[in-house]
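What follows is a set of notes on a single structure, which appears directly below.
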Amino acid sequence: DWDSVLSGLLLRECQLGKDSEIYGYCNLLSRGQEWGLMPCPPSTAPDCIRNWTEEQKDVLRASKRGARLVRIQENQAKEW
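The opening residue of the sequence shown carries number 1 in this note's numbering; numbering runs sequentially from there.
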């Protein structure tokens with residue numbers, strides 16, 4: 001259950017606000033909202049690559065690393 005432990009640690013870290021060493025990451029996850037002022041942080045799923053348009057993925061495909069990321073996502077989708 002390493003993932004539930006990690007989630008709990010991340011939540012506690014993000015609740016520290018600006019005192020957190022990973023404040024920028026927490027701010028990204030919460031879309032700039034204060035962690036204590038919302039019942040639940042917003043979902044990051046809409047931003048994930050599986051929800052990107054083909055035009056957006058084409059931008060990634062323009063680089064070697066981006067093309068690799070798109071291939072990984074496509075392979076993962078086939079496995080699901």
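Backbone N, C-alpha and C fix where the C-beta goes; we use that ideal spot for every residue, glycine too.
Annotation for residue 72: the continuous alpha helix (DSSP H) segment containing it runs 64-79.
The Cβ atoms of residue 41 and residue 30 sit closer than 8 Å to each other. If you check the CB distance, residue 34 and residue 22 do not come in under 8 Å. One alpha carbon belongs to residue 18, the other to residue 27, and they sit about 9 Å apart.
CA-CA distance, residue 76 to residue 11, rounds to 27 Å. Residue state for residue 46 is assigned as helix, using DSSP reduced to three classes.
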